[in-house]
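In this note's numbering, the protein residues as written are 695 to 1308.
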């Protein structure tokens, strides 16, 4: 059976030596986040901070810091989820093992929450100011709840069957919020709560919400799962947890998990938006201040012995990376059934997850053609970009599985080589302009606004790739230090453009293109990326992926030698140029406070309280 409470999970991890208690006083203002990120990077244990400065509640970090620990936490649920997946994708395999079907009735039973009259979650009350005030990065606008589960219901169809449980960050201090009464709720365009909020406005009703923190780990995972329409997150949490989820409903509030650790009950204030942020986010940059809804908090409940779980994010990989990998393990086999012809999709974590997708599809149209071109791949690309959070992608690179059945989507260098050996820049780039992108991505033309490009490559190998810069190739003034990333991809250092406007940046790139066009063509080098520091970009593939795809917008930053537009289709000859420099409109990158870093490193030295953790 799964864990019924977070305390049960903590005790089990402690028994199995997967958790470390930190008994010295630690400041939630920057210090705790610094520690958690370092321990996560070192693949260390879960962390229970028992003495949090200015707070009576312990804080739990790095709970999902490794894939192995996450599998351990949900070990009892995995066979049942695998059974349901196989019933969808390969029912014949289940019929060949009829004994597996014995678990199906129980699994289906656990999908239904149950009402209870009393629950530990509502036994105590506290104030917002007494909650842990976690600030993860120096320029964060205040303290945030970073592992919240925000619960809402469709106002026209009340009840858990039409509910949403989503992980939307919550700002609990700073800004212009009324202290102790109001908190900021940051949710993105594609999230389920947005539909509930719109429906509430349409019918003129206030939208009640519960901001849940803690409870059984199944709640946190359910809140980030890309579930199909009609599957409430509360139901999936019951399946993950191995028991029907008990719900208690205080008077005047929505129902809440009876075993939650904390719950802030309130209402979204109608027609009131306040600046939320800044917040150090998972792309490795700050989300800037923007107006978002405000929740007026009426009650703050907590259970006896409550534990406050948290995470911190930043340039990947971080703890949220594990969420993504584990979710892919649970749902990856379902991709062909949801998107016919698509064999797999890899959201590249090093590039910030949403900016870059790699995919394998099928190219079965007109098999008798001697020269194959992407056709079915484009249909499949539209399906991918229309699917939930995959719709946030800016760059989708897709190839045909039959061209190399052994190609592994997780082998990024091999995938890039396969694509670049086949791509034809004249016809294989397909843009979507003036469209929606990730709210956290500032590379586009404005908040939520930017572009996408599909790069679809199919057929026989067109070229060999080189990791040697052609001796006869020149660069225009200000562009220096070409470095190889992988065969076929080079980076060059370009002039700093942080203080330049878009027109000035374009003039620089056009000067570079003019000089490149005078070089002798070398098809072995199809992609050139302009960065601020080519040594850094070429040092590790992860550095390149982060810079290239978080600091560029396809429509405004892709250029090419010999570019032209034919029937509104943009293409170029031989060499594609991507400008991935840090620009004036970009959000600032995350930089840690060096004084705090030295303090934490001293605590980890010798026999200090953090010794052996990193």
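Where a beta carbon is used, it is the ideal one built from N, C-alpha and C, also for glycine. The structure displayed is predicted, hence computed values, not measured ones.
So for residue i, helix, strand or coil by DSSP?
| i | result |
| --- | --- |
| residue 793 | helix |
| residue 713 | strand |
| residue 1076 | helix |
| residue 959 | strand |
| residue 1142 | coil |
| residue 1002 | strand |
| residue 1150 | strand |
| residue 780 | helix |
| residue 1196 | helix |
| residue 843 | strand |
| residue 1086 | helix |
| residue 828 | coil |
| residue 1264 | strand |
| residue 906 | strand |
| residue 818 | strand |
| residue 1228 | helix |
| residue 1033 | coil |
| residue 923 | coil |
| residue 1248 | helix |
| residue 1185 | strand |
| residue 727 | helix |
| residue 1211 | helix |
Since residue i is in the alpha helix (DSSP H), which residue starts that stretch and which ends it?
| i | result |
| --- | --- |
| residue 891 | 886-897 |
| residue 1014 | 1013-1025 |
| residue 857 | From DSSP, residue 857 is part of no alpha helix (DSSP H) but of the beta strand (DSSP E) over 857-860. |
| residue 1289 | 1288-1298 |
| residue 1096 | Run containing residue 1096: none; DSSP gives neither H nor E here. |
| residue 1271 | Unbroken run through residue 1271 is the beta strand (DSSP E), 1270-1273; no alpha helix (DSSP H). |
| residue 985 | Run containing residue 985: none in the alpha helix (DSSP H); it sits in the beta strand (DSSP E), 984-996. |
May I ask which residues mark the beginning and end of the beta strand (DSSP E) holding residue i?
| i | result |
| --- | --- |
| residue 911 | First-last for residue 911: 911-918, but that is the alpha helix (DSSP H), not the beta strand (DSSP E). |
| residue 1106 | From DSSP, residue 1106 is part of no beta strand (DSSP E) but of the alpha helix (DSSP H) over 1106-1116. |
| residue 1224 | 1221-1225 |
| residue 1178 | 1174-1180 |
| residue 1254 | 1252-1254 |
| residue 1125 | 1123-1130 |
| residue 940 | 940-942 |
Whose C-alpha, out of the options, is nearest the C-alpha of residue i?
| i | options | result |
| --- | --- | --- |
| residue 777 | 1047, 1226, 799 and 1210 | 799 |
| residue 1185 | 1204, 1165, 856 and 1224 | 1224 |
| residue 1180 | 1237, 1091, 1118 and 1283 | 1237 |
| residue 758 | 712, 782, 1269 and 722 | 712 |
| residue 955 | 975, 976 and 907 | 907 |
| residue 934 | 745, 1230 and 914 | 914 |
| residue 918 | 833, 1108, 1024 and 1044 | 1024 |
| residue 994 | 715, 875, 848 and 1274 | 875 |
| residue 1250 | 1199, 1297, 1218 and 1220 | 1199 |
| residue 1051 | 1239, 1032, 901 and 742 | 1239 |
| residue 964 | 1001, 948 and 900 | 900 |
| residue 1229 | 1097, 1188, 960 and 709 | 1188 |
| residue 866 | 880, 1299 and 886 | 880 |
| residue 785 | 1034, 921, 1027 and 868 | 1027 |
| residue 962 | 871, 953, 921 and 1013 | 871 |
Are there 16 or more other CB atoms within 10 angstroms of the CB of residue i, so buried, or fewer, so exposed?
| i | result |
| --- | --- |
| residue 1305 | exposed |
| residue 1156 | exposed |
| residue 1311 | Nothing about residue 1311 can be reported from this structure: the residues present for the chain run from 695 to 1308 only. |
| residue 1246 | buried |
| residue 916 | buried |
| residue 1296 | exposed |
| residue 756 | buried |
| residue 840 | buried |
| residue 1046 | buried |
| residue 753 | buried |
| residue 765 | exposed |
| residue 727 | buried |
| residue 1017 | buried |
| residue 804 | buried |
> At a cut of 8 Å, does the stretch 927-947 reach the stretch 806-825 through at least three beta carbon pairs?
Replying inline: Pairwise C-beta distances place the stretch 927-947 in contact with the stretch 806-825, as three or more of them are shorter than 8 Å.
> Counting pairs of beta carbons, one from the stretch 989-1007 and one from the stretch 1028-1047, are three or more of them closer than 8 Å?
Replying inline: no
> Is there contact between the stretch 1162-1170 and the stretch 1131-1138, where contact requires at least three CB pairs shorter than 8 Å?
Replying inline: no
>> Within 8 Å, do at least three Cβ pairs link the stretch 885-903 to the stretch 722-739?
In response: With a cut-off of 8 Å, the stretch 885-903 and the stretch 722-739 do not count as touching, because too few Cβ pairs lie within range.
>> For the structure I just gave you, are there three or more beta carbon pairs, one from the stretch 842-862 and one from the stretch 812-826, closer than 8 Å?
In response: no
> Quick check: the stretch 1144-1152 against the stretch 1066-1081, are there 3 or more CB pairs under 8 Å?
Replying inline: yes
>> Contact between the stretch 1192-1205 and the stretch 1158-1166 is defined here as three or more beta-carbon pairs at a separation below 8 Å; is this criterion met?
In response: no
> On the three-pair Cβ rule with 8 Å, is the stretch 1256-1269 touching the stretch 983-1001?
Replying inline: no
>> Can you confirm whether the stretch 1119-1131 touches the stretch 1104-1111 when touching is taken to mean that 3 or more C-beta pairs between the two stretches lie within less than 8 Å?
In response: Judged by Cβ distances under 8 Å, the stretch 1104-1111 makes no contact with the stretch 1119-1131, as fewer than three pairs qualify.
> With a cut-off of 8 Å, do at least 3 Cβ pairs link the stretch 820-832 to the stretch 845-855?
Replying inline: no
> So, do the stretch 956-976 and the stretch 824-834 have three or more beta carbon pairs nearer to each other than 8 Å?
Replying inline: yes
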